[in-house]
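Inspection log for the structure reproduced underneath, given as structure tokens.
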Amino acid sequence: MTQSLITPTQTPLLGLSLSELTEWVQQQGQPAYRGKQLYQWIYQKGAKSLADITVFSKQWREEIKHFPIGRSAIHYRSVAPDKTVKYLLQLSDGNIIETVGIPSHKRLTVCVSSQVGCPMACDFCATGKGGFTRNLEAYEIIDQVLTVQEDFERRVSHIVFMGMGEPLLNTKNVLAAVKSLNQDVGIGQRNITISTVGIRDRIRQLAQHKLQVTLAVSLHASNQRLREHLIPSAKSYPLGDLIADCR
Ligand code: SF4
Numbered sequence: 070m071t072q073s074l075i076t077p078t079q080t081p082l083l084g085l086s087l088s089e090l091t092e093w094v095q096q097q098g099q100p101a102y103r104g105k106q107l108y109q110w111i112y113q114k115g116a117k118s119l120a121d122i123t124v125f126s127k128q129w130r131e132e133i134k135h136f137p138i139g140r141s142a143i144h145y146r147s148v149a150p151d152k153t154v155k156y157l158l159q160l161s162d163g164n165i166i167e168t169v170g171i172p173s174h175k176r177l178t179v180c181v182s183s184q185v186g187c188p189m190a191c192d193f194c195a196t197g198k199g200g201f202t203r204n205l206e207a208y209e210i211i212d213q214v215l216t217v218q219e220d221f222e223r224r225v226s227h228i229v230f231m232g233m234g235e236p237l238l239n240t241k242n243v244l245a246a247v248k249s250l251n252q253d254v255g256i257g258q259r260n261i262t263i264s265t266v267g268i269r270d271r272i273r274q275l276a277q278h279k280l281q282v283t284l285a286v287s288l289h290a291s292n293q294r295l296r297e298h299l300i301p302s303a304k305s306y307p308l309g310d311l312i313a314d315c316r
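Letter by letter, the sequence shown follows residues 70 to 316 of the numbering used here.
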């Protein structure tokens, strides 16, 4: 017997694939084609609640409306003169994260966060000074991209993991988000950049997944002494080892 992909708890639906959503609707006693409708409403039509999905019967919507999709609320939004938009998003547990939408003539890039806060404590970084709260779930990363896409009313073309947090300290959820952003949201892996200050062993582990994403390593200094001053964790990961791991 194959094991169910869906846990009985109220796991948010965002991040599930078409086949997983199809399995979910069938678990709710609905025909398989409802899975495709749910998939389209989550990833293309920006449904925030199952109660919004008007192709479903009123009665079924009433029955399932307590299952969360996993979308955040825009807590604060500011637009810079160059049209870059900075968002503070409020998560379901009340935590706030930062996301940035960066438009240009041909691109819409989203700078996403991977953690609430950051434990790396880099000397120059406000996020690092605020400490670490928790890793983001995959759906909370995907939500940032959908939020920017909907707000700009334009397709996101590029993603950079350069917001709050060190993505290689949350590799499992970052990789799950990358998979869904690629397959469900339709963003090419080559247009996704994961930026790291360098975490021992994690660069090699990431390479084993043979993704087509770009890895950007922020050295912040060209010599080990200054680097250790700016990035405390660099003491245990000397520049030579880091460069060797990147090769
Ligand atoms: S890893 Fe990035 S987010 Fe974390 S403290 Fe350093 S610069 Fe800031």
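Even glycine gets a Cβ: it sits at the ideal position worked out from N, Cα and C.
(request) List the residues that DSSP assigns as beta-bridge partners of Tyr-102. (result) Paired residues: none, contrary to the question.
(request) Determine the DSSP secondary structure at Ala-207, reduced to helix, strand or coil. (result) Looking at Ala-207 - three-state DSSP - the assignment turns out to be helix.
(request) May I ask you to report which of helix, strand or coil DSSP gives Lys-114? (result) coil
(message) At the level of alpha carbons, what is the spacing between Leu-177 and Lys-198?
(response) 29 Å
(message) Just to confirm the assignment: which complete beta strand (DSSP E) runs, minimum length 3, are found wholly within the segment 144–204?
(response) 154–159, 165–172, 177–180, 184–186, 201–204
(request) Output the boundary residues of the alpha helix (DSSP H) element that contains His-278. (result) Unbroken run through His-278: none, as it is neither H nor E.
(request) Confirm, please, whether the CB-CB distance from Cys-180 to Gly-232 is below 9 Å. (result) yes
(request) May I ask you to check if the CB of Glu-297 is nearer than 8 Å to at least one heavy atom of the ligand GTP? (result) Among the ligands modelled here, namely the ligand SF4, the ligand GTP does not occur.
(message) Quick test of your reading: Tyr-112 and Asp-253, contact by CB under 8 Å. State the CB separation rounded to the nearest angstrom.
(response) Distance from Tyr-112 to Asp-253 at the Cβ level is roughly 5 Å; contact confirmed, criterion being Cβ atoms closer than 8 Å.
(message) Spatial neighbours of Ala-246 within its chain, please: C-beta separation below 6 Å, excluding the five flanking residues on both sides.
(response) Ala-207, Ile-210, Ile-211
(request) May I ask whether a heavy atom of the ligand SF4 can be found less than 8 Å away from the beta carbon of Phe-193? (result) yes
(request) Go to Thr-91, then tell me how far its alpha helix (DSSP H) extends in each direction, as first and last residue. (result) 87–96
(message) Which same chain residues end up closer than 6 Å to Arg-146 when comparing Cβ atoms and leaving out the 5 residues on each side of it in sequence?
(response) Excluding five sequence positions before and after Arg-146, the CB atoms of its chain that fall closer than 6 Å to its own CB belong to Tyr-156, given in chain order.
(message) Tell me whether Cys-187, by its Cβ, gets closer than 8 Å to a heavy atom of the ligand SF4.
(response) yes
(message) Can you check which of these residues, Asp-270, Thr-262, Ile-272, Glu-222, is closest to Val-282 by C-alpha distance?
(response) Minimum Cα distance to Val-282 is reached at Thr-262.
(request) With a cut-off of 8 Å on the beta carbons, I'd call Ser-183 and Val-243 a contact; round off their distance for me. (result) 6 Å
(request) Verify whether the separation of the beta carbon atoms of Thr-216 and Ile-143 is less than 9 Å. (result) yes
(request) Give me the Cβ distance between Phe-193 and Leu-299, rounded to the nearest whole Å; I'm assuming they're in contact under 8 Å. (result) The C-beta distance from Phe-193 to Leu-299 rounds to 6 Å, short enough to fall under 8 Å.
(request) With DSSP collapsed to three states, give me the class of Val-338. (result) Coverage of the chain is limited to positions 70 through 316, which leaves residue 338 absent and any answer about it impossible.
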